[in-house]
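Q: Mind looking over this structure? Questions follow.
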Amino acid sequence: TPCLAEPSKNGGICKPNYGDGNYECQCLIGSKGKNCHEDVCNLTDGWKKFNLSCYKFFNVKTKWDKAKQHCSELGSILVTIHSLEENQFVASLAPTNTTIWIGASDTVLEGTWVWLDGENWGGYANWGGSNPNNSRGKENCALTVNGKWNDVDCNFSRTYVCKTKN
């Protein structure tokens with residue numbers, strides 16, 4: 001069969017098209033290409049892989065909405081964090097004490113935080129101190145610094161991390 005001659009890589013599944021002697025591979029998340037041989041992370045362009053997603057730190061300060069938009073233009077989202085390990089990984093992407101926008105906000109309903117990727121809030125969270133506290137009544141976007149989260153004004157300029165969607 002054609003799948004034996006050119007098997008799929010990285011756990012993909014090869015399915016022959018018996019009518020024409022060709023084949024098609026169904027790739028797992030994290031790989032792409034005719035034989036699932038390519039990594040979805042462009043590691044040569046500053047993206048780093050963690051579990052099944054790719055991440056890139058942008059050392060440019062901008063408002064939360066602009067960071068969200070830039071990530072979207074790259075086919076990714078402003079980083080969402082769903083585990084201690086992922087939180088530590090994101091913190092490791094930037095120099096110590098760097099404030100990084102994350103993809104969480106409560107702009108729709110004050111006090112009801114939502115992730116940009118649609119994941120349910122209520123799993124992992126790592127708010128620092130008394131946060132979120134909506135200080136001055138206008139802190140609706142989340143950032144992280146050294147792995148601790150804080151709610152701040154969305155119009156502040158901060159660095160950010162983009163994450164590929166699974």
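If you're matching positions, the sequence shown starts at 1 in full-length UniProt numbering and goes up one per residue. C-beta: ideal position from N, C-alpha, C; glycine also.
#1: Can you tell me which of Ser-92, His-37 and Lys-61 puts its alpha carbon nearest to the alpha carbon of Gly-11?
#2: For Gly-147, which three-state DSSP category applies?
#3: Three-state secondary structure (DSSP) at Gly-94?
#4: How would you write the range of the alpha helix (DSSP H) that residue 252 sits in, first residue to last?
#5: Starting from the Cα of His-82, find the closest Cα among Ala-125, Gly-137 and Leu-143 and give me that residue.
#6: Near Val-79, which residues of its chain fall below 7 Å by C-beta distance, leaving aside the five closest residues on each side in sequence?
#7: On the DSSP bridge assignment, give the partners of Phe-57 in chain order.
#8: Check each candidate in Ser-105, Cys-25, Glu-73 and Ala-94 and name the one with the smallest Cα separation from Val-60.
#9: Which residue's Cα is closest to the Cα of Cys-154: Asp-106, Gln-88 and Thr-44?
#10: Is the beta carbon of Leu-116 closer than 8 Å to that of Lys-68?
#11: Count the other C-beta atoms from every protein chain shown that fall within 10 angstroms of the C-beta of Trp-149, then say buried if there are 16 or more, exposed otherwise.
#12: Beta-carbon separation of Asn-97 and Val-152 under 8 Å?
#13: My understanding is that Thr-159 touches Phe-57, with C-beta atoms under 8 Å, so please give their C-beta distance in whole angstroms.
#14: In the DSSP output, what is Cys-14 paired with across the bridge?
#15: Between the alpha carbons of Lys-66 and Gly-147, how many angstroms are there, rounded?
#16: Give me whichever residues DSSP pairs with Lys-48 in a beta bridge.
#17: Rounded to whole angstroms, what's the CA-CA distance from Ser-53 to Glu-86? Just pull it up for me.
A: The short version:
#1: The option with the nearest alpha carbon to Gly-11 is His-37.
#2: coil
#3: Checking the sequence, you will find Ala at residue 94 rather than Gly. Residue state, collapsed to three classes: coil.
#4: Any question about residue 252 goes unanswered here, given that the chain covers just 1 to 166.
#5: Ala-125
#6: Cβ neighbours of Val-79 beyond the five flanking positions: Tyr-55, Val-90, Ile-102, Gly-103, Val-161, Cys-162 and Lys-163.
#7: According to DSSP, Phe-57 bridges with Val-161.
#8: Val-60 has its Cα closest to that of Ala-94, out of Ser-105, Cys-25, Glu-73 and Ala-94.
#9: Among Asp-106, Gln-88 and Thr-44, the Cα nearest to that of Cys-154 belongs to Asp-106.
#10: yes
#11: buried
#12: no
#13: 7 Å
#14: Paired residue(s): Cys-25.
#15: 22 Å
#16: Tyr-55
#17: Using only the alpha carbons, I get a separation of about 10 Å.
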